[in-house]
Amino acid sequence: MQQFATENKIEPTEEELDAFILKIEEKERQHQIKMDADRKKLIEELKSSSLSDREREQKASHLESIESNLKAMQEMNERTKGMEEEMRPMKREIAQQIVKLWMINKALYEKYGGRVIFQQAGVEPLDAYRDFLKEQEKKGAFQIIDKQYEAGFWRYFTNDAMHTFYEKDDGARLINTPWWMMDEPPEE
Numbered sequence: 001m002q003q004f005a006t007e008n009k010i011e012p013t014e015e016e017l018d019a020f021i022l023k024i025e026e027k028e029r030q031h032q033i034k035m036d037a038d039r040k041k042l043i044e045e046l047k048s049s050s051l052s053d054r055e056r057e058q059k060a061s062h063l064e065s066i067e068s069n070l071k072a073m074q075e076m077n078e079r080t081k082g083m084e085e086e087m088r089p090m091k092r093e094i095a096q097q098i099v100k101l102w103m104i105n106k107a108l109y110e111k112y113g114g115r116v117i118f119q120q121a122g123v124e125p126l127d128a129y130r131d132f133l134k135e136q137e138k139k140g141a142f143q144i145i146d147k148q149y150e151a152g153f154w155r156y157f158t159n160d161a162m163h164t165f166y167e168k169d170d171g172a173r174l175i176n177t178p179w180w181m182m183d184e185p186p187e188e
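Heads up, the sequence shown is in the numbering used here, so the first residue is 1 and it goes up one at a time.
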């Protein structure tokens, strides 16, 4: 993929990296605000005498989970307080990797098209990757040296049961818009 990025002059700009970092920081703040609001709402709901035992148990469990997450976030903030300068290069490197991966995926999709799948790291142009790798294989730029792994490798690209596919229009929209710039992240 690095060769594809180099050949296609894919490299995030400083502005793109800054936008990513700012957007992620804002999303983190908004997530914390939402979790705190959800916590307060659950506390109020649990005061109701009309809840069934099952509803009370579910809400209490959800509240416990939220409080655990909020506590972990607070502890992380306390541990990293005053370390903003030391963390800046790490944040920049993470931004570099994520933005570049999105740019590569977008470029592959533009060149090869095909179906788009949900992945934890963002949407992925599955068919475009397969077509790119097949093309590289024909050129001799890519090969699977140990043939015992070949079928397993290609299965990722051919076994549709392994993936959650987006509808064509949704896939095109999602692949062309970085997930960090969306109001809501893409769902499975």
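Heads up, the beta-carbon is just placed ideally off N, CA and C, and yes, glycines get one too.
Just so we're clear, the structure is a prediction, and the values are computed from it rather than from any experiment.
| query | When you compare each of Tyr109, Glu7, Phe20 to Met182 by their alpha carbons, which one comes out closest? | reply | On the sequence shown, residue 182 is found 182 positions in, with the first residue counted as 1. It is Phe20 whose Cα lies nearest to the Cα of Met182.
| field | Within the region 54-98, ranges of the alpha helix (DSSP H) (whole runs, at least 4 residues) | value | none
| message | So, at 7 Å on beta carbons, what are the nonlocal neighbours of His62 in its own chain, with the 5 sequence-adjacent residues on each side left out? | response | As a position in the sequence shown, residue 62 is number 62, starting the count at 1. Leu42, listed in sequence order.
| request: State the Cα-Cα distance for the pair Arg54 and Lys34, rounded to the nearest angstrom. | output: Here residue 54 corresponds to residue number 54 of the sequence shown, with the count starting at 1. Here residue 34 corresponds to residue number 34 of the sequence shown, with the count starting at 1. Spanning the two alpha carbons is a distance of roughly 24 Å.
| task | Take Phe157 and list the residues in its own chain whose beta-carbon comes closer than 6 Å to its own, dropping the five residues that flank it on each side. | result | Along the sequence shown, one-based indexing puts residue 157 at 157. Excluding residues within five positions, the ones whose Cβ falls inside 6 Å are Arg130.
| query | Mind pulling the alpha helix (DSSP H) runs of 4 or more residues that sit fully within the region 135-167? | reply | 150-158
| Residue from Thr164, Leu51, Asp169, Glu44 whose Cα sits closest to the Cα of Gln119 | In the sequence shown, residue 119 corresponds to position 119, counting from 1. Comparing Cα-Cα distances from Gln119 to each of Thr164, Leu51, Asp169, Glu44, the minimum goes to Thr164.
| task | With a threshold of 7 Å, establish whether the CB of Phe132 neighbours any heavy atom of the ligand PLP. | result | Summarising the ligand content, the structure contains no ligands, and the ligand PLP is consequently not present.
| Hey, quick one: how far does the alpha helix (DSSP H) through Thr6 stretch, first residue to last? | In the sequence shown, counting from the first residue as 1, residue 6 sits at position 6. Looking at the DSSP string, the run of the alpha helix (DSSP H) that includes Thr6 is 2-7.
| field | Given 8 Å, three or more beta-carbon pairs between the region 167-183 and the region 142-153 | value | no
| said: Which of the three DSSP states is assigned to Glu124 in this structure? | reply: Locating residue 124 in the sequence shown gives position 124, counting from the first residue. Residue state, collapsed to three classes: strand.
| message | Is the beta carbon of Ala121 closer than 8 Å to that of Tyr109? | response | Start at 1 with the first residue of the sequence shown, and residue 109 comes out as number 109. Start at 1 with the first residue of the sequence shown, and residue 121 comes out as number 121. For Tyr109 and Ala121, no; Cβs fall outside 8 Å.
| Roughly how many angstroms lie between the CA atoms of Lys100 and Glu167, to the nearest whole one? | Walking along the sequence shown from the start, residue 100 turns up at place 100. Walking along the sequence shown from the start, residue 167 turns up at place 167. C-alpha separation (whole angstroms): 24 Å.
| query | When DSSP labels each residue in this structure, what does Ile10 get in the three-state scheme? | reply | Here residue 10 corresponds to residue number 10 of the sequence shown, with the count starting at 1. Residue state, collapsed to three classes: coil.
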